[in-house]
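To start, the structure itself, in C-alpha cells.
Protein chains: 2
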Amino acid sequence: MTTAAKTEDWIDRFNGLSSLEPGLRDLLTKRSHVVRLPAETVIFAPGKSPDNLLLLLQGTVRVQQLAESGREVVLYRVTAGESCVLTTACMLAYEDHSAEGIAETDIVAAAIPRGVFDDLVASSKAFRDFVFRAYSRRITDLFHVIEDIAFRRMDIRLAQKIIARADHGVLKATHAQLAAELGTAREVISRQLAEFQRRGWIAQSRGVIEIIDCDGLRGLAET
Amino acid sequence: MTTAAKTEDWIDRFNGLSSLEPGLRDLLTKRSHVVRLPAETVIFAPGKSPDNLLLLLQGTVRVQQLAESGREVVLYRVTAGESCVLTTACMLAYEDHSAEGIAETDIVAAAIPRGVFDDLVASSKAFRDFVFRAYSRRITDLFHVIEDIAFRRMDIRLAQKIIARADHGVLKATHAQLAAELGTAREVISRQLAEFQRRGWIAQSRGVIEIIDCDGLRGLAET
DNA sequence: CGGGCTTGTGTGACTAGATCACTGATCGAT
DNA sequence: ATCGATCAGTGATCTAGTCACACAAGCCCG
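Now the structure itself:
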C-alpha cells in the first residue's frame, strides 16, 4: 500500500516525533489517516470543532479571529511539520471561541483521532513533549500578536508583514487582505502603501505589491 | 501534621480534579507542597520560568504582557481554584515570552513539581482533562484580549473593566493602573473617566472610583 | 465591441486614541 | 510647614479607524 508507505515516514517530518517509541509509531501510523483538503476549506470555526488532531504535511492553515463587525486579525499560521494543536484538545472544552482555521493552500495532513491522541499523550513522553511544545509555540505567537496590536505602529507592522510574506520580492495580496491580516481597516493599508510607494520602497498594481527597495522597508520594520 | 491535612482536601477545590484516581490523589498530595507568597511576588517573568505547576488555593495572580516602551496589558488573572498552567509546561520550551505573572494578593498555592506533573499527565485521564481544560480557558482569555484590543472602543472596555473589578461599587485603582490593565495610556483613561463623571456615572477621588449609576455604565458596556 | 458587474483602490472629512510636555493636587514623611 | 513623590488634568499634535463616496481594472456576456 502506497498510503501505508507514506504514513510510515511522515512522522519524522515533525520535530520531536522522531524519538517516538517504536510501538507507538505503529499506533500512530495505523490509527491515523492522511487527508487532503482543497484551499479555502474551513478546518474549524465557531461551532465546528474538529475531532481530529491535524498534523500538517503540506500547505498552510491560517488561523484568524473574527469580530462581529466583520473585521478580522490573523493570529498565526500552521505550516508543514506543525500541528493544529490549539484547536483540538483545547477547544473541545470551552466552545466560546471566535477563531477559525482555514486552509490557505491545498493541504495534506495526518489526522489523529481524539482517542489515539489520548493514548499517545498517556503513553509517550516524546509525544507529550511534542504536544506541549506545539502549545507553547502557538501561545507565544498569540503573545506576539497582542504585543503588536497593542503597542506597535501600523507602518512598522505593515512593513514587516510585506517582508515576511513576500515571495521573491513579490506579494500577491489585496489591500483588504492585508488589512484583515493586521486587524486594521483597508483604507489604512491603502494610505500606508501609498506612502511606501512614494518613498520608492514598493511598486503596486491591482492585487500585487512588488518590493523595490527592501532595505528601505527593512529600515522601518526594524525600528 | 496540619499541613498534610490541608493538602489532602485542597484537590477537590479544583474543578475536575475530584475525579482523580485514589492512588494518584496520594501522589499529588505527597509530592506537592503548599507555598505562601506575599503580594507583589513575581511568579514568573522573562528569563525566570518556574519549575512547578501552581494550583492557586487563595489569592489571585495577574498575568501581563510588557512592551519595551514600558507599557503593559493585563492578559488574564488566575484565581483560587485555577492553575498557572500556561506558565509551566508551556513556557519551558519557548523562552521567548515577554509576559510576567505577579501575585496580586498574598497567595497560597499547591506547587506540583515538573516530574509529578509529568507522571500525572501520563497516568490520569482526569488530570489530563484538567490540564487541557485549563489551557483552553487561558487561550480563550487570550482570544478575548485580542478581540478587545483590536476591535473594541476604549470607553466600552473601560466601562466593562470598572464594572468587572469594582467591589461593592468601589474600585481602588489609579488611572495609570487602569491604563496598564487595558493596554492604553494614562491620559486616555483620565479623559474617559472625566467623561463618565460628567455623565454622573462615577465619582472619583485619588486612587478611587465609585460607581454612582451602574446602569449608565452598563448601558455603555453592553454596546 | 460596448455595456454592466464585481472587485479593488483613492480620497476627504471626521472621530477616536496615543504621545508629548507640561501644570496643578494630594498625601505622607520629616 | 515644607519637600518629594505620586496622582490627575489639559492643550497641542500625530496616528489610526470610520464613513461616504468616486474612480479604475478586470470579467462576463450579449
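Chains as they are written, first to last, in the numbering used here: chain U, 5 to 227; chain E, 5 to 227. Ideal Cβ positions, reconstructed from N, Cα and C, are used throughout, including at glycine.
Three-state class that DSSP yields for residue 43(E) in the structure shown: To locate residue 43(E), count along the second sequence from 1; it is residue 39. Correct three-state label for residue 43(E): coil.
Helix, strand or coil at residue 14(U) according to DSSP, with G and I counted as helix: In the first sequence, residue 14(U) corresponds to position 10, counting from 1. Helix at residue 14(U).
Residue 159(E) vs residue 208(E) beta-carbon contact at 8 angstroms: Residue numbering aside, residue 159(E) sits at position 155 when the second sequence is read from its first letter. Residue numbering aside, residue 208(E) sits at position 204 when the second sequence is read from its first letter. Their beta carbons are not under 8 angstroms apart, which means residue 159(E) does not touch residue 208(E) by this criterion.
8 angstroms contact criterion, which residue 124(U) and residue 28(U) should meet: CB distance rounded: The residue labelled residue 124(U) in the question sits at position 120 within the first sequence. The residue labelled residue 28(U) in the question sits at position 24 within the first sequence. With 8 angstroms as the limit, residue 124(U) and residue 28(U) qualify as a contact, their Cβ atoms being about 6 angstroms apart.
Residue range of the unbroken alpha helix (DSSP H) whose run includes residue 120(E): By 1-based counting over the second sequence, the position of residue 120(E) is 116. Residue 120(E) -> alpha helix (DSSP H) spans 118-127.
Cutoff 8 angstroms; reference residue 174(U); Cβ partners in own chain excluding five residues on either side: Position 170 of the first sequence, counting from 1, holds the residue named residue 174(U). Excluding positions up to five away in sequence, the list reads 212, 213, 214, 215.
Where residue 74(E) falls: helix, strand or coil (DSSP): Here residue 74(E) refers to the residue found at position 70 when the second sequence is read from its first residue. Residue 74(E) falls in the coil class under three-state DSSP.
Where the beta strand (DSSP E) containing residue 53(E) begins and where it ends: Looking up residue 53(E) in the second sequence gives position 49. Careful: residue 53(E) lies outside any beta strand (DSSP E) and carries neither H nor E.
Segment contact flag, the region 178-186 of chain U with the region 64-82 of chain U, C-beta cutoff 8 angstroms, min 3 pairs: yes
Terminal residues of the beta strand (DSSP E) in which residue 174(U) lies: Position 170 of the first sequence, counted from the start, is the residue given in the question as residue 174(U). Looking at the DSSP string, the run of the beta strand (DSSP E) that includes residue 174(U) is 174-176.
Chain U contacts from the region 150-169 of chain E (Cβ-Cβ distance under 9 angstroms): 150, 151, 153, 154, 155, 156
Sequence-distant residues of the same chain with beta carbon closer than 8 angstroms to residue 165(E), five excluded per side: Looking up residue 165(E) in the second sequence gives position 161. 182, 185, 186, listed in sequence order.
Distance CB(residue 142(U))-CB(residue 20(U)) smaller than 8 angstroms: Along the first sequence, read from residue 1 onward, the residue named residue 142(U) stands at position 138. Along the first sequence, read from residue 1 onward, the residue named residue 20(U) stands at position 16. No, the pair does not count as a contact, with Cβ atoms beyond the cut-off.
Same chain, Cβ closer than 6 angstroms to residue 121(E), neighbours up to 5 away in sequence not counted: By 1-based counting over the second sequence, the position of residue 121(E) is 117. Result list for residue 121(E): 57, in chain order.
With 16 other Cβ atoms within 10 Å as the buried cut-off, status of residue 305(U): Here chain U comprises residues numbered 5 to 227, so residue 305(U) is not present and cannot be evaluated.
Residue range of the alpha helix (DSSP H) that includes residue 192(U): The count along the first sequence starts at 1 and reaches residue 192(U) at position 188. Counting along the chain, the alpha helix (DSSP H) containing residue 192(U) begins and ends at 190-202.
Residue closest to residue 108(E), alpha-carbon to alpha-carbon, out of 40(E), 218(E), 134(E), 204(E): Numbered from 1 along the second sequence, position 104 holds the residue referred to as residue 108(E). Here the closest residue by C-alpha is 40(E).
Distance, residue 116(U) Cα to residue 62(U) Cα: Residue mapping note: residue 62(U) aligns to position 58 of the first sequence, counting from 1. Residue mapping note: residue 116(U) aligns to position 112 of the first sequence, counting from 1. Approximately 16 angstroms, taken between the alpha carbons.
Cross-strand partners of residue 171(E) (DSSP beta bridge): Sequence index remark: in the second sequence, residue 171(E) carries index 167 (1-based). According to DSSP, residue 171(E) bridges with 174(E).
Among 82(U), 17(U), 199(U), 32(U), nearest to residue 119(U) - alpha-carbon criterion: Along the first sequence, read from residue 1 onward, the residue named residue 119(U) stands at position 115. Residue 32(U) is the option with its Cα nearest to residue 119(U).
Under the three-state DSSP convention, the category residue 156(E) falls into: Translated into positions along the second sequence, residue 156(E) becomes position 152. Residue 156(E): coil per DSSP, three-state reduction.
Endpoints, alpha helix (DSSP H) assigned at residue 220(E): Within the second sequence, the letter at position 216 stands for residue 220(E). Unbroken alpha helix (DSSP H) run through residue 220(E): 218-225.
Within chain U, the residues that residue 77(E) reaches when beta carbons sit closer than 9 angstroms: Taking the first residue of the second sequence as 1, we reach residue 77(E) at position 73. Near residue 77(E) (Cβ distances below 9 angstroms), the residues of chain U are 150, 151, 154, 155.
Helix, strand or coil at residue 105(E) [DSSP, three-state]: Locating residue 105(E) in the second sequence gives position 101, where the first residue counts as 1. DSSP places residue 105(E) in strand when its eight states are reduced to three.
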